[in-house]
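Chemist: Protein sequences appear in the order of chains A and B.
Note that the numbering used here has the first sequence beginning at 234, numbered continuously upward.
Note that the numbering used here has the second sequence beginning at 24, numbered continuously upward.
Every residue, glycine too, gets a C-beta built ideally from N, C-alpha and C.
Since the structure is predicted, the reported quantities are computational estimates derived from the model, not experimental observations.
The structure that follows is given in the form of structure tokens.
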Amino acid sequence: MNNIFVYCEVEEGIVSEVSLELLTKGRSLANQLSCQLEAVVAGSGLTGVEKQILPFGVDILYIADDPRLEPYTTLPHAAILNKLFGEEKPQIALMGATPIGRDLGPRVSSALHSGLTADCTSLEIGDHDDKKAGRVYKDLLYQIRPAFGGNIIATIINPDCRPQMATVREGVMKKEKVSSGYPGKVNQLDVSRYVTDLDFVVQILERHTEKKKINIKGASIVVSGGYGVGSKENFKLLYDLAAVLGAEVGASRAAVDAGYAEHDRQIGQTGITVRPKLYIACGISGQVQHRAGMEESAQIISINSDPEAPINSIADYVITGDIAEVIPKMIKYYKLNTK
Amino acid sequence: MKGLKIIVLAKQVPDTRNVGKDAMKADGTVNRAALPAIFNPEDLNALELALRVKDTVPGTTITILTMGPGRAAEIIREGLYRGADSGVLLTDRAFAGSDTLATSYALAQAIKEMNHFDLIIAGRQAIDGDTAQVGPQVAEKLNLPQVTYVEEVLSIEKSGIVVRRRLDNGVESVRSPMPMLMTVNSSAPDCRSRNVKMLMKYKHARTITEKQEATEDYTHLYDSRPFLYIREMTVGDIKADAEQLGLTGSPTKVKKIDNVVLQAKDAKKLGTSDEGINDLMRELIESHVIG
């Protein structure tokens, strides 16, 4: 009771990365709160799925295994969480800020009348002194996220409603097993007790999934462009540099919105989070939402014509100048020095 | 197929994509007045999908529902200029401070007061919050099936509506019975531009508050052209439980707002000289960061 719950996404028997990252975060929050970590997974053909989940320090895993639960549709998954959360009364519930988590989370939060914060970049435990009500709330979940176009960082709390719900993007939290033999308990749910036929009114007729062509998350070097790159043509310079360095190309939201780069390349709070060895920021001003997706890069080079660009303050190297002049020189001297 | 009744949920948002230097006040709060107010981009995609249904199913009508301050009537007019048939502005000080749940509750209560509908179409998310929560929450409150991330309506039949969803790793076609609620992605077609005829027809469309505040007197116009009337709903019109509205009805509270303060690292600074860039590349290669 009053534990931490993580909703684990699963597809064809594989638990998603973001769910494992959230289990790791959930474990550390549970340690802080001296409570248990519980997880729920809903899908089809889940025999043995606990081997992927329990090692992350999960004390109780609920498995809803039914052919009708995969591929994901909203209503049956929501029905399972609504009832399970109603029975188990978790204090905190976490899910990935994925197409599934962002479809499911709000539906469940509305049914349970509990607050939900989307796309958190940090989760902490802390107290809240409500001076007006003359009441101190102990051990709340601080849900921290950039807001308002990244101009502010907001700390959101849910003082009265439970569970305190949050979604987090893939790559934001670190993934770490506790031990492969972690002694968690498995509860198989009787799915028919949780869903009704009415939950299956939305039918999937056809699905085409494609492997992601772009693997920015796994790249050790990222060359990333912002609005300051100026045009789609100028963006080609970034591809040239990336090709020479063996890097992937990323982009800020402003560059994506301007049509300079595909949406799949967007780095930041509402895109991908990366931690490469080297991040080369070209014409990126560095709003906090963008920085949320890259500030843990080991080294950062900022190339910007504005010497006052906010990103320069987190950069290890600041090159003040026009990318059209700088990038060809970087390519030239890289080649000269590696010969 | 007889015409459908569609409600498009739309929001007027500050244009956070074009935040200028004066967007933040000296005390670290947001200076909303310095940001232009626009029609939330994905709500325009939602309107376009509604208009396409109207193009294919004769007799379909589109009502834009928005919650916000009085000036949000601007986006209802924008919608009318593009082909929507009517609008409802849900406005009251009682809604101030609403989080997504309190917003969804107010919208759902307003929808219950509106006429019968077949479809509710909303943008996936608004650019001032990026939460993508209001659509699914309204669906839950109205006990409707929801389909999120829609980019195209493929067919409309008696048995339901078939749409294509755009996900991170592919696409999915799904069929849902109606009435239902869908949220629309930016991968959907852009909204058509204003239609000159509609612009002429609706340019004097006003809410009752706007009429009262107007300096020019168009009373005679409104008497003969009832379509110029933008319905205004306040808290008294929606049979709402006051406990579920505004700040009181919002489970999430903002504990604190931090200004974004950057602590400058000790960066190496260089210009565009050949020598500087040569040194940089050599340093990165020697330290095995690249190469």
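For chain A, check one thing: does any of its Cβ atoms lie closer than 8 Å to the Cβ of residue 34 of chain B?
Modeler: Taking Cβ atoms only, chain A never reaches closer than 8 Å to residue 34 of chain B, which makes this a no.
Chemist: For residue 379 of chain A, count neighbouring Cβ atoms within 10 angstroms of its own Cβ and tell me buried if that reaches 16, exposed if not.
Modeler: Residue 379 of chain A comes out buried.
Chemist: Any idea what DSSP makes of residue 123 of chain B, helix, strand or coil?
Modeler: Helix at residue 123 of chain B.
Chemist: Count the C-beta pairs between the segment 162-171 of chain B and the segment 297-314 of chain B that are closer than 8 Å, then say yes if the count reaches three, no if not.
Modeler: With a cut-off of 8 Å, the segment 297-314 of chain B and the segment 162-171 of chain B do not count as touching, because too few Cβ pairs lie within range.
Chemist: Please decide whether residue 353 of chain A counts as near chain B, where near means a Cβ-Cβ distance under 8 Å.
Modeler: Closer than 8 Å: no.
Chemist: Taking the CB atoms as reference points, tell me whether residue 335 of chain A and residue 307 of chain A lie closer together than 8 Å.
Modeler: Taking 8 Å as the Cβ cut-off, residue 335 of chain A and residue 307 of chain A do not qualify as a contacting pair.
Chemist: Kindly say whether residue 321 of chain B, judged by its beta-carbon, lies nearer than 8 Å to any beta-carbon of chain A.
Modeler: Examination of residue 321 of chain B is not possible in this model, given that chain B is present from 24 through 314 alone.
Chemist: According to DSSP, what are the bridge partners of residue 236 of chain B?
Modeler: Note: residue 236 of chain B sits in no beta bridge, so no partner.
Chemist: Taking C-beta pairs closer than 7 Å, name the residues in chain A that residue 163 of chain B reaches, listed in chain order.
Modeler: Those are 340, 343, 344, listed as they occur along chain A.
Chemist: I'd like to check one pair, residue 391 of chain A with residue 275 of chain B: are the Cβ atoms closer than 8 Å?
Modeler: Yes. Within cutoff.
Chemist: With H, G and I counted as helix, E and B as strand and the rest as coil, what does DSSP make of residue 401 of chain A?
Modeler: Residue 401 of chain A: strand per DSSP, three-state reduction.
Chemist: Could you tell me whether the Cβ atoms of residue 277 of chain B and residue 151 of chain B are closer together than 8 Å?
Modeler: Against a cut-off of 8 Å, the Cβ pair of residue 151 of chain B and residue 277 of chain B comes out as no contact.
Chemist: Looking at C-beta atoms only, is the number of pairs between the segment 525-544 of chain A and the segment 441-452 of chain A that lie closer than 8 Å three or more?
Modeler: Result no; under three Cβ-Cβ pairs closer than 8 Å.
Chemist: Give the secondary structure of residue 415 of chain A by DSSP, where H, G and I count as helix, E and B as strand, and everything else as coil.
Modeler: Residue 415 of chain A: coil per DSSP, three-state reduction.
Chemist: On the CB-based measure, 16 or more other CB atoms within 10 Å of its CB, does residue 298 of chain B come out buried or exposed?
Modeler: Looking at its Cβ environment, which holds fewer than 16 other Cβ atoms inside 10 Å, residue 298 of chain B is exposed.
Chemist: Is there contact between the segment 399-409 of chain A and the segment 488-507 of chain A, where contact requires at least three CB pairs shorter than 8 Å?
Modeler: Output reads yes: the segment 488-507 of chain A touches the segment 399-409 of chain A.
Chemist: By a C-beta neighbour count over all protein chains shown, 10 Å radius and 16 as the cutoff for buried, is residue 296 of chain B buried or exposed?
Modeler: It is exposed - the Cβ of residue 296 of chain B has fewer than 16 other Cβ atoms within 10 Å.
Chemist: Taking the beta carbon of residue 523 of chain A as the centre, do at least 16 other beta carbons fall within 10 Å, making it buried, or is it exposed?
Modeler: Label assigned to residue 523 of chain A: buried.
Chemist: Report the rounded CA-to-CA distance for residue 261 of chain A versus residue 388 of chain A, giving the unit in angstroms.
Modeler: Residue 261 of chain A and residue 388 of chain A: Cα-Cα distance of roughly 19 Å.
Chemist: Can you look up residue 447 of chain A in the DSSP assignment and give me helix, strand or coil?
Modeler: Residue 447 of chain A: coil per DSSP, three-state reduction.
Chemist: Compare the Cα-Cα distances from residue 244 of chain A to each of A:464, A:280, A:462 and report the closest residue.
Modeler: Looking at the Cα atoms, A:280 is the closest of the given residues.
Chemist: So residue 313 of chain A is in the beta strand (DSSP E); what residue range does that whole segment cover?
Modeler: That residue, residue 313 of chain A, is in no beta strand (DSSP E); its alpha helix (DSSP H) goes 307-321.
Chemist: Could you tell me the distance, in whole angstroms, from the CA atom of residue 193 of chain B to the CA atom of residue 172 of chain B?
Modeler: Cα to Cα, the separation comes out at about 11 Å.
Chemist: According to DSSP, is residue 373 of chain B helix, strand or coil?
Modeler: Past the boundaries of the shown model lies residue 373 of chain B; chain B is included only from 24 to 314, so the question cannot be answered.
Chemist: Reducing DSSP to helix, strand and coil, say where residue 290 of chain B ends up.
Modeler: Coil.
Chemist: May I ask you to report which of helix, strand or coil DSSP gives residue 439 of chain A?
Modeler: Strand, per DSSP.
Chemist: Please say whether residue 454 of chain A and residue 479 of chain A have beta carbons closer to each other than 8 Å?
Modeler: Closer than 8 Å, so yes.
Chemist: Measure the Cβ-Cβ separation of residue 32 of chain B and residue 125 of chain B and say whether it is below 8 Å.
Modeler: For residue 32 of chain B and residue 125 of chain B, no; Cβs fall outside 8 Å.
Chemist: Give, in chain order, every unbroken run of the beta strand (DSSP E) that is at least 3 residues long and sits entirely within the segment 251-286 of chain B.
Modeler: Qualifying beta strand (DSSP E) stretches, in chain order: 252-256, 276-282.
Chemist: Would residue 371 of chain A be called buried (16 or more neighbouring beta carbons within 10 Å of its own) or exposed?
Modeler: With fewer than 16 other Cβ atoms within 10 Å, it is exposed.
Chemist: Exposed or buried, which one is residue 377 of chain A when buried takes at least 16 other CB atoms within 10 Å?
Modeler: Flag for residue 377 of chain A reads buried.
Chemist: In angstroms with no decimal places, state the Cα-to-Cα distance between residue 529 of chain A and residue 516 of chain A.
Modeler: Whole-angstrom Cα-Cα distance: 19 Å.
Chemist: Going straight from the alpha carbon of residue 572 of chain A to that of residue 39 of chain B, what length do you get?
Modeler: Roughly 46 Å separates the two Cα atoms.
Chemist: Nearest chain B C-beta to residue 364 of chain A closer than 8 Å, yes or no?
Modeler: Taking Cβ atoms only, chain B never reaches closer than 8 Å to residue 364 of chain A, which makes this a no.
Chemist: Could you check what DSSP says for residue 379 of chain A in three-state terms: helix, strand or coil?
Modeler: Here residue 379 of chain A sits in strand by DSSP.
Chemist: Does the segment 254-266 of chain B come into contact with the segment 111-118 of chain B, if we say contact requires no fewer than three beta-carbon pairs (one atom in each stretch) closer than 8 Å?
Modeler: The segment 254-266 of chain B, when compared against the segment 111-118 of chain B, does touch it at the 8 Å Cβ threshold.
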